[in-house]
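Participant: Quick one: this structure, given as structure tokens, is what I'll be asking you about.
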Amino acid sequence: MGGLGKTTLAKMVYNDQQIQEHFQLKMWHSVSDNFNVVALLKSIIELARNKRCDMPDTIELLRKQLEEVIGQNRFMLMLDDVWNENERMWEDDLKPLLCSVGGPGSIIVVTTRSHKVASIMQTLRPLKLECLSEQDSWQLFAHKAFSNGVEEQAELARIGRRIVNKCGGLPLALKTMGGLLSSKEKVQEWKAIEESNIGDNDGGKYEVMPILKLSYKHLSSEMKQCFAFCAVFRKDYEMEKDRLIQLWMANCFIPEEGTMDLVQKGEFIFDELVWRSFLQDKKVVVKSAIHHGDTQYKTVVCKMHDLMHDLAKDVTEECASIEGSSQQKALLKGVCHMKMSKAELERISGLCKGRTYLRTLSHKDIKELQQVLASLRALHCPPSPTVICKAINAKHLRYLDLSGSDIVRLPDSICVLYNLQTLRLIDCKELQQLPEDMSRLRKLIHLYLFGCDRLKSMSPNFGLLNNLHILTTFVVDTGDGLGIEQLKDLQCLSNSLELLNLSKIKSGENAREANLNQKKNLSELFFSWDQEIDDGPRDIACNVEEVLQCLEPHSNIQKLEICGYGGLEISQWMRKPQMFDCLRELKMSDCPKCKSIPVIWLSVSLEILVLKMMDNLTTLCNNLDEECGGCITPLQIFPRLKKMRLIELPSLEI
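First residue of the sequence shown: 1, per UniProt numbering; consecutive thereafter.
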């Protein structure tokens with residue numbers, strides 16, 4: 001039975017602290033409808049190695065790699081949502097392979113809706129989950145239905161209990177119905193839901209589907225499009241919130257309404273889909289932009305319940321996720337959004353020929369795109385220069401992801417993509433120069449430059465891009481239109497911003513023009529001076545101190561990192577405890593002359609403190625009574641600190 005909570009229970013077991021400590025190796029693989037021995041072995045090997053890698057396609061060679069990577073480690077392998085009922089495949093192929101590796105106490109846990117699968121794969125008696133009790137069902141439903149502004153009136157409660165009975169004790173159905181009714185305040189609206197076609201028990205995989213379809217029916221038109229688009233990703237795929245919203249925007253699923261901009265509207269739709277259980281498992285993770293990539297960043301991710309994924313595929317024929325060339329023939333004529341993990345050039349060209357309506361294309365290695373680019377709204381592929389040049393012809397392109405490529409310079413012709421909203425260039429290690437006329441991209445909202453270590457400067461007059469919400473990196477230079485003053489009018493900037501080459505700022509007045517203290521939506525700041533201030537003149541150090549003083553951020557800042565600072569003293573704004581009411585993380589490194597750190601000792605929000613290579617630092621709480629205006633006991637210092645790292649601090653007195 002689907003939506004009963006099998007995967008949720010399995011995740012609780014998988015993440016349990018005792019399980020973490022007991023097993024040397026833990027692996028989770030979502031099987032779903034695709035049960036291929038070779039693909040499963042490859043996935044297990046990658047999970048054990050914790051990275052993607054090239055592997056052979058023969059079972060014998062994969063067996064050897066499996067033995068090497070697992071060895072005699074005691075492991076737990078979780079196979080979630082198994083459907084394949086081929087007993088021979090399990091007994092003859094998988095079971096001998098998986099049972100021949102690992103140390104004593106290794107286990108394989110399987111979740112399935114099929115009694116036959118359980119009987120085929122079991123070695124112990126299967127645990128059969130029961131539906132929730134009436135009381136538990138009501139609590140789960142009411143938590144959703146009455147926590148979004150809808151009051152628990154007596155009449156609504158009576159109707160609600162009858163609706164709960166129709167959900168059959170299925171957690172997914174209860175959460176979905178509760179999320180739906182949390183937006184309905186009138187009794188007649190609740191009665192209409194009660195009288196609709198829900199609660200049918202047809203058995204099999206789709207017995208909860210009428211409830212999910214009803215909830216989908218009550219979504220707004222833009223939410224329906226945004227939800228259905230998620231079918232372009234495979235089951236159990238971890239979707240990045242920001243990237244998902246940017247793809248929705250690129251495909252014009254999000255209409256502009258009043259004063260709410262596209263990003264805000266996208267955030268609202270995402271949160272609503274999570275609240276109504278169309279998306280789930282929302283969390284913050286650290287990810288790499290590309291496999292084997294050095295650059296990591298924090299992002300919000302989510303997944304889809306496999307039944308919700310079935311619903312998304314059921315309500316649209318425009319999305320396809322192609323995992324292998326054998327699946328390419330299954331592409332429907334009306335597909336507008338494709339995500340491909342592997343395909344040959346000839347097959348790509350054949351599939352795309354004549355597809356003037358193709359809107360989204362994600363692929364790892366595409367060299368021939370001429371036939372599809374004219375209609376593309378979104379393109380994701382690590383490119384060759386040829387691909388970039390051909391992408392210039394995509395006049396409707398709104399989303400372009402070239403992360404991980406080895407390009408040295410983006411062509412100036414990219415500046416004719418006047419509709420471009422998102423440009424991702426993460427981990428483009430060789431990139432040195434942005435286009436001269438990039439300021440013409442006035443609709444650009446997101447620009448990702450994490451990991452572009454060789455980038456020398458921004459494009460001239462960068463400040464004209466005043467629609468930017470996300471700018472991850474700004475490289476300061478001394479030429480006309482290349483200085484930090486270009487940040488002055490970028491008032492919509494949010495999330496994280498790293499400022500590099502700050503040694504090229506010549507005065508505090510110049511630094512003040514960045515208006516950082518007015519950018520209240522920035523939550524993370526990284527200051528970096530590219531040159532150390534050696535034993536040079538005192539006036540050089542004073543200039544650095546003046547620059548840092550004039551880079552005062554808004555007090556909403558949650559993470560502050562300072563690297564390469566050559567001043568002797570911290571800035572005056574760093575001596576104000578109120579500046580750090582929201583600060584959760586402070587890192588200072590390679591600041592050899594600095595004698596003190598910001599006044600964060602009493603911060604009730606600071607959780608992480610990292611200090612590295614600060615030769616002159618003698619104490620963490622310099623002039624404690626003077627700074628804080630009274631006697632402070634040791635127990636009051638760093639009240640919420642969870643992690644502290646002190647590295648190469650030769651003068652520190654503890």
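Where is the CB? At the ideal position from N, CA and C, for every residue including glycine.
(1) Relative to the C-alpha of Val-604, which residue among Met-579, Lys-595, Met-613 and Thr-618 is closest?
(2) Got a sec, what are the start and stop residues for the beta strand (DSSP E) Asn-495 sits in?
(3) Could you give the distance in angstroms between the alpha-carbon of Phe-141 and the alpha-carbon of Phe-227?
(4) Going by C-alpha to C-alpha distance, which of Phe-229, Asn-251 and Ser-288 sits closest to Leu-273?
(5) Report yes if the C-beta distance between Ser-644 and Leu-609 is below 7 Å; otherwise report no.
(6) DSSP on Ile-484, reduced to helix/strand/coil?
(7) Grouping DSSP H, G and I as helix and E and B as strand, with all else coil, what is Ile-414?
(8) So Tyr-14 is in the alpha helix (DSSP H); what residue range does that whole segment cover?
(9) Quick one: residues in its chain with C-beta nearer than 6 Å to the C-beta of Asn-84, no 5 flanking neighbours on either side, listed in chain order?
(10) What is the DSSP secondary structure of Cys-302, reduced to helix, strand or coil?
(11) Thinking C-beta only, is Leu-455 closer than 7 Å to Leu-423?
(12) Under 8 Å: do the stretch 470–484 and the stretch 299–307 share three or more Cβ pairs, one atom per stretch?
(13) Please state the DSSP three-state secondary structure of Tyr-237.
(14) By Cβ distance, which residues of its chain are closer than 7 Å to Gly-508, with the 5 residues on each side in sequence left out?
(15) Take the Cβ of Met-27 as the centre, count every other Cβ of all protein chains shown within 10 Å, and call the residue buried at 16 or more, exposed below.
(16) For the pair the stretch 109–129 and the stretch 54–73, tell me if three or more CB-CB distances fall below 8 Å.
(17) Helix, strand or coil for Lys-205 per DSSP?
(18) Taking buried to mean at least 16 other C-beta atoms within 10 Å of its own C-beta, is Leu-132 buried or exposed?
(19) Measure the C-alpha to C-alpha separation of Ala-312 and Ala-231 and round it to an integer number of angstroms.
(20) Specify the secondary structure class of Arg-49 as computed by DSSP and reduced to three states.
(21) Can you give me the C-alpha to C-alpha distance between Lys-191 and Glu-257, rounded to a whole angstrom?
(22) So, with DSSP's three-state summary, where would you put Asp-92?
(23) Rounded to whole angstroms, what is the Cα-Cα separation between Gly-103 and Leu-487?
(24) Using 8 Å as the Cβ pair cut-off and three pairs as the minimum, do the stretch 514–527 and the stretch 560–573 touch?
(25) Tell me the residue span of the alpha helix (DSSP H) that contains Arg-63.
(26) Count the CB pairs spanning the stretch 16–25 and the stretch 180–198 that are closer than 8 Å, and state whether there are at least three.
(27) Report the residue from Lys-287, Arg-440, Met-78 and Leu-649 whose alpha carbon sits nearest the alpha carbon of Thr-8.
(28) Rounding to the nearest angstrom, what Cα-Cα distance links Ser-405 and Thr-176 in this structure?
(29) Look at Thr-473 and Leu-449 and say whether their C-beta atoms are less than 7 Å apart.
(30) Shortest alpha-carbon distance to Tyr-14 belongs to which of Val-110, Ile-505, Ile-45 and Gln-491?
(31) Closest to Ser-571 by CA distance: which of Ser-589, Ile-597 and Lys-593 is it?
(32) By the 10 Å Cβ neighbour count, where 16 or more other Cβ atoms means buried, how is Ala-511 classified, buried or exposed?
(33) If you draw a straight line from the alpha carbon of Leu-617 to that of Pro-255, how long is it in whole angstroms?
(34) Report yes or no: do the stretch 243–250 and the stretch 262–270 share at least 3 C-beta pairs separated by less than 8 Å?
(35) Please name the residue, chosen from His-143, Ile-159 and Glu-134, that lies closest to Gly-169 on a Cα-to-Cα basis.
(36) Quick check: Thr-295 and Asp-489, are their CB atoms within less than 7 Å of each other?
Facilitator: Short version:
(1) The residue given as residue 604 occupies position 604 in the sequence shown. Val-604 has its Cα closest to that of Met-579, out of Met-579, Lys-595, Met-613 and Thr-618.
(2) Locating residue 495 in the sequence shown gives position 495, counting from the first residue. Judged by DSSP secondary structure, Asn-495 falls within the beta strand (DSSP E) whose first and last residues are 495–500.
(3) As a working note, residue 141 is residue 141 in the sequence shown. As a working note, residue 227 is residue 227 in the sequence shown. Their backbone Cα atoms lie some 22 Å apart in a straight line.
(4) Sequence index remark: in the sequence shown, residue 273 carries index 273 (1-based). Closest option to Leu-273, Cα to Cα, is Phe-229.
(5) Taking the sequence shown and counting its residues from 1, the one referred to as residue 644 is at position 644. Taking the sequence shown and counting its residues from 1, the one referred to as residue 609 is at position 609. Per the sequence shown, residue 644 should be read as Met rather than Ser. Yes, these two residues count as a Cβ contact at 7 Å.
(6) As a first step, residue 484 is located in the sequence shown; it is residue number 484 there, counting from the start. Note: Ile-484 maps to helix in three-state DSSP.
(7) In the sequence shown, counting from the first residue as 1, residue 414 sits at position 414. Note: Ile-414 maps to helix in three-state DSSP.
(8) Taking the sequence shown and counting its residues from 1, the one referred to as residue 14 is at position 14. Judged by DSSP secondary structure, Tyr-14 falls within the alpha helix (DSSP H) whose first and last residues are 6–14.
(9) Working through the sequence shown from its first residue, we reach residue 84 at position 84. Correct list, in chain order: Phe-35.
(10) Here the question's residue 302 lines up with position 302 in the sequence shown. Correct three-state label for Cys-302: strand.
(11) To locate residue 423, count along the sequence shown from 1; it is residue 423. To locate residue 455, count along the sequence shown from 1; it is residue 455. No, these two residues do not count as a Cβ contact at 7 Å.
(12) Result no; under three Cβ-Cβ pairs closer than 8 Å.
(13) The residue labelled residue 237 in the question sits at position 237 within the sequence shown. DSSP places Tyr-237 in coil when its eight states are reduced to three.
(14) By 1-based counting over the sequence shown, the position of residue 508 is 508. Within the same chain, Gly-508 has close Cβ partners Glu-546, Val-547, Gln-549 and Cys-550.
(15) Locating residue 27 in the sequence shown gives position 27, where the first residue counts as 1. Met-27 is buried by the Cβ-count criterion.
(16) The way I'd put it, the stretch 109–129 doesn't touch the stretch 54–73; fewer than three beta-carbon pairs between them come closer than 8 Å.
(17) Residue numbering aside, residue 205 sits at position 205 when the sequence shown is read from its first letter. Caution applies to Lys-205, whose pLDDT of 41 falls short of 50 and renders its modelled position unreliable; the value that the coordinates give is listed next. In this structure, Lys-205 counts as coil in the three-state DSSP scheme.
(18) Residue 132 sits at position 132 when you count from the first residue of the sequence shown. With 16 or more Cβ atoms within 10 Å of its Cβ, Leu-132 is classed as buried.
(19) Locating residue 312 in the sequence shown gives position 312, where the first residue counts as 1. Locating residue 231 in the sequence shown gives position 231, where the first residue counts as 1. Each residue's CA atom was taken as its position, placing Ala-312 and Ala-231 some 5 Å apart.
(20) Position 49 of the sequence shown holds residue 49. It is helical.
(21) For the purposes of this step, residue 191 is taken as the residue at position 191 of the sequence shown. For the purposes of this step, residue 257 is taken as the residue at position 257 of the sequence shown. Looking at the two C-alpha atoms, the distance is approximately 31 Å.
(22) If you number the sequence shown from 1, residue 92 lands on position 92. It is helical.
(23) Here residue 103 is taken as the residue at index 103 of the sequence shown, counted from 1. Here residue 487 is taken as the residue at index 487 of the sequence shown, counted from 1. One C-alpha to the other measures close to 57 Å.
(24) Here the stretch 514–527 makes contact with the stretch 560–573; the two share three or more CB pairs at distances below 8 Å.
(25) Start at 1 with the first residue of the sequence shown, and residue 63 comes out as number 63. 59–70 is the extent of the alpha helix (DSSP H) around Arg-63.
(26) Under the three-pair Cβ rule at 8 Å, the stretch 16–25 does not count as touching the stretch 180–198.
(27) Sequence index remark: in the sequence shown, residue 8 carries index 8 (1-based). Minimum Cα distance to Thr-8 is reached at Met-78.
(28) In the sequence shown, the residue the question calls residue 405 occupies position 405. In the sequence shown, the residue the question calls residue 176 occupies position 176. Going by C-alpha positions, Ser-405 is about 41 Å away from Thr-176.
(29) For this step, residue 473 is matched to residue 473 along the sequence shown. For this step, residue 449 is matched to residue 449 along the sequence shown. Their beta carbons are under 7 Å apart, which means Thr-473 touches Leu-449 by this criterion.
(30) On the sequence shown, residue 14 is found 14 positions in, with the first residue counted as 1. Check the Cα spacing between Tyr-14 and each of Val-110, Ile-505, Ile-45 and Gln-491: the tightest is with Val-110.
(31) Here residue 571 corresponds to residue number 571 of the sequence shown, with the count starting at 1. For Ser-571, the nearest C-alpha among the options comes from Ile-597.
(32) Walking along the sequence shown from the start, residue 511 turns up at place 511. It counts as buried.
(33) Here residue 617 is taken as the residue at index 617 of the sequence shown, counted from 1. Here residue 255 is taken as the residue at index 255 of the sequence shown, counted from 1. Their Cα atoms are separated by approximately 53 Å.
(34) Three or more pairs of CB atoms, one per stretch, sit closer than 8 Å, so the stretch 243–250 contacts the stretch 262–270.
(35) Residue mapping note: residue 169 aligns to position 169 of the sequence shown, counting from 1. Measuring from the Cα of Gly-169, the nearest candidate turns out to be Glu-134.
(36) For the purposes of this step, residue 295 is taken as the residue at position 295 of the sequence shown. For the purposes of this step, residue 489 is taken as the residue at position 489 of the sequence shown. No, these two residues do not count as a Cβ contact at 7 Å.
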